[in-house]
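Residue numbers (the numbering used here), protein chains in the order written: chain S, 2 to 153; chain B, 2 to 153.
Backbone N, C-alpha and C fix where the C-beta goes; we use that ideal spot for every residue, glycine too.
Given the structure is predicted, the values throughout are model-derived calculations rather than measurements.
I have placed the structure first, in the form of structure tokens, so that the comments after it can refer back to it.
2 protein chains.
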Amino acid sequence: MASRSSTSEHSAPLLDEQICFALYNASRAMTARYRELLEPLGLTYPQYLVMLVLWESEPVTVSHLGARLQLDSGTLSPLLRRLEAAGFVERNRSADDERSVLVSLTPAGDELRAQTTRFPELVCGASGLSIDAIEMLRDQVFAFAGNIRTSI
Amino acid sequence: MASRSSTSEHSAPLLDEQICFALYNASRAMTARYRELLEPLGLTYPQYLVMLVLWESEPVTVSHLGARLQLDSGTLSPLLRRLEAAGFVERNRSADDERSVLVSLTPAGDELRAQTTRFPELVCGASGLSIDAIEMLRDQVFAFAGNIRTSI
DNA sequence: GGCAATAAAGTTGTGCACAACTTAAAGGCG
DNA sequence: CGCCTTTAAGTTGTGCACAACTTTATTGCC
Numbered sequence: 002m003a004s005r006s007s008t009s010e011h012s013a014p015l016l017d018e019q020i021c022f023a024l025y026n027a028s029r030a031m032t033a034r035y036r037e038l039l040e041p042l043g044l045t046y047p048q049y050l051v052m053l054v055l056w057e058s059e060p061v062t063v064s065h066l067g068a069r070l071q072l073d074s075g076t077l078s079p080l081l082r083r084l085e086a087a088g089f090v091e092r093n094r095s096a097d098d099e100r101s102v103l104v105s106l107t108p109a110g111d112e113l114r115a116q117t118t119r120f121p122e123l124v125c126g127a128s129g130l131s132i133d134a135i136e137m138l139r140d141q142v143f144a145f146a147g148n149i150r151t152s153i
Numbered sequence: 002m003a004s005r006s007s008t009s010e011h012s013a014p015l016l017d018e019q020i021c022f023a024l025y026n027a028s029r030a031m032t033a034r035y036r037e038l039l040e041p042l043g044l045t046y047p048q049y050l051v052m053l054v055l056w057e058s059e060p061v062t063v064s065h066l067g068a069r070l071q072l073d074s075g076t077l078s079p080l081l082r083r084l085e086a087a088g089f090v091e092r093n094r095s096a097d098d099e100r101s102v103l104v105s106l107t108p109a110g111d112e113l114r115a116q117t118t119r120f121p122e123l124v125c126g127a128s129g130l131s132i133d134a135i136e137m138l139r140d141q142v143f144a145f146a147g148n149i150r151t152s153i
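Written as structure tokens, this is what we have:
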């Protein structure tokens with residue numbers, strides 16, 4: 002990896018110096034690995050993230066999913082329609098609040114859970130890093146994202 | 002951030018334990034910050050990445066851009082068409098090899114460079130991390146991506 | 001109750017990513 | 001030379017992300 006001294010001494014930022022490019026690249030590389038594992042199950046990576054939330058607890062509203070995954074209804078509505086068409090989730094208007102839609106697992110959606118339990122370790126195993134190193138990296142990346150989200 | 006012990010003791014992986022979700026989230030949070038800066042210039046983040054490569058040296062082929070950014074022609078061809086329509090780049094078939102397309106900067110594209118030099122420090126400044134911490138994180142993320150890319 | 005303000009989800013349109021495919025130009029080899 | 005393989009770029013189709021907008025329901029607040 003290129004490792005020059007500092008961005009500020011150049012007239013234009015260099016690609017290899019940018020943490021942002023590193024994150025963009027790493028995220029896509031990871032997703033590509035997950036795609037190999039998820040495609041046989043009929044899931045995309047964002048769909049898998051929705052399933053992870055549902056496997057923790059259900060039913061949940063679309064806005065709860067949005068808060069957990071940092072996604073808006075413009076992304077989630079069509080994604081959930083596809084998950085429903087695939088038979089993995091159900092959507093029902095809440096009786097308490099007719100504005101809300103409650104997303105719940107179908108039996109097929111629940112059964113997918115067991116097939117995915119080893120996926121994180123399969124992907125992380127390919128990274129060549131120890132569990133501890135990965136956990137430290139994860140916490141740093143979460144912290145970075147959290148700080149950067151709050152404003153510029 | 003949630004920091005539980007280990008993935009393997011749960012029946013399903015937990016969202017907050019996943020480095021992959023951290024990277025996915027951090028990448029989108031970063032892109033959102035860049036969007037605020039780039040939108041006034043008429044650039045998207047992937048278009049900005051292409052410009053970064055061109056500001057390092059030009060002309061370059063589409064495949065060279067693809068190798069630097071890990072993007073294929075299916076992504077780059079329409080992106081370059083939009084950059085050309087915006088007046089920032091030119092595309093010309095190579096005389097040496099009629100299969101290749103050489104992408105070069107227009108004067109307008111070259112002038113954008115000066116307007117972007119402070120962007121990385123603006124975004125990184127929002128992260129609350131020191132330059133050294135960011136550089137370490139960047140190198141770890143690049144290493145992670147590099148390892149994960151090679152196969153599962 | 002009446003009504004403005006807010007909130008939840010959905011729709012529309014644009015621009016990536018990426019798979020699968022097409023077109024056309026080089027290269028290699030008998 | 002003819003022909004087969006490889007390579008470069010482009011096209012098509014699907015599924016995110018996200019902005020901007022719409023629709024409908026709920027919540028103040030008088």
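Between the Cα of residue i and the Cα atoms of the options, which residue gives the shortest distance?
| i | options | result |
| --- | --- | --- |
| S/Leu-42 | S/Met-137, S/Leu-72 and S/Glu-112 | S/Glu-112 |
| S/Thr-107 | S/Leu-84, S/Arg-119, S/Ala-127 and S/Cys-125 | S/Leu-84 |
| S/Leu-16 | B/Phe-22, B/Phe-145, B/Ser-58 and B/Arg-36 | B/Ser-58 |
| S/Leu-53 | B/Ser-105, B/Val-102 and B/Cys-21 | B/Cys-21 |
| S/Arg-34 | S/Val-104, S/Cys-125, S/Tyr-25 and S/Leu-130 | S/Cys-125 |
| S/Ser-131 | B/Ser-131, B/Asp-133 and B/Gln-141 | B/Gln-141 |
| S/Arg-114 | S/Val-51, S/Ala-13 and S/Ala-27 | S/Val-51 |
| B/Leu-39 | B/Ala-144, B/Arg-119 and B/Ser-64 | B/Arg-119 |
| S/His-65 | S/Ala-144, S/Val-104 and S/Ala-13 | S/Val-104 |
Rounded to the nearest angstrom, what separates residue i and residue j at their Cα positions?
| i | j | result |
| --- | --- | --- |
| B/Ser-9 | B/Thr-117 | Residue placement at B/Ser-9 cannot be trusted, given a pLDDT of 37 that sits under 50; the coordinates are not used to answer. |
| S/Arg-5 | B/Trp-56 | Annotation note: pLDDT 40 at S/Arg-5 (below 50); position unreliable, coordinate value reported separately. Rounded to the nearest angstrom, the two C-alpha atoms are 17 Å apart. |
| B/Glu-18 | S/Glu-136 | 8 Å |
| S/Pro-121 | S/Asp-133 | 14 Å |
| S/Ala-3 | B/Thr-151 | Since pLDDT at S/Ala-3 reaches only 41, below the 50 mark, its modelled position is unreliable, and the value read off the structure follows with that caveat. Spanning the two alpha carbons is a distance of roughly 19 Å. |
| S/Arg-36 | S/Leu-44 | 8 Å |
| S/Asp-97 | S/Leu-77 | 22 Å |
| B/Ala-13 | S/Phe-143 | 20 Å |
| S/Glu-99 | B/Pro-60 | 57 Å |
Anyone know if the C-beta pair for residue i and residue j falls short of 8 Å?
| i | j | result |
| --- | --- | --- |
| S/Tyr-46 | S/Thr-32 | yes |
| S/Ala-23 | B/Ala-146 | yes |
| B/Leu-81 | B/Arg-69 | no |
| S/Ile-149 | B/Ser-95 | no |
| S/Gly-110 | S/Val-90 | yes |
| S/Gln-71 | B/Asn-26 | yes |
| B/Ser-28 | S/Ser-28 | yes |
Using 10 angstroms around the beta-carbon of residue i, count the other beta-carbons present and answer buried if the total reaches 16, otherwise exposed.
| i | result |
| --- | --- |
| B/Pro-79 | exposed |
| B/Leu-123 | exposed |
| B/Arg-139 | buried |
| B/Gly-88 | exposed |
| S/Ser-74 | exposed |
| B/Ala-86 | exposed |
Starting from residue i, follow the alpha helix (DSSP H) in both directions and report where the run begins and ends.
| i | result |
| --- | --- |
| B/Arg-100 | Neither: B/Arg-100 is in no alpha helix (DSSP H) and is coded neither H nor E. |
| B/Leu-16 | Per DSSP, B/Leu-16 belongs to no alpha helix (DSSP H) and is neither H nor E. |
| B/Gly-67 | 63 to 70 |
| B/Leu-44 | Per DSSP, B/Leu-44 belongs to no alpha helix (DSSP H) and is neither H nor E. |
| S/Leu-108 | Position check: residue 108 of chain S holds Pro in this sequence, whereas Leu was assumed. 108 to 117 is the span of the alpha helix (DSSP H), which, as asked, contains S/Pro-108. |
| S/Ala-144 | 132 to 150 |
| S/Ala-86 | 74 to 86 |
| S/Gly-126 | 120 to 126 |
In the DSSP assignment, find the beta strand (DSSP E) that holds residue i and state where it starts and stops.
| i | result |
| --- | --- |
| S/Arg-94 | 90 to 94 |
Just checking residue i against the ligand HEM - is the residue's beta carbon closer than 7 Å to any of the ligand's heavy atoms?
| i | result |
| --- | --- |
| S/Tyr-49 | In the structure on display, the ligand HEM does not appear, and there are no ligands present to speak of. |
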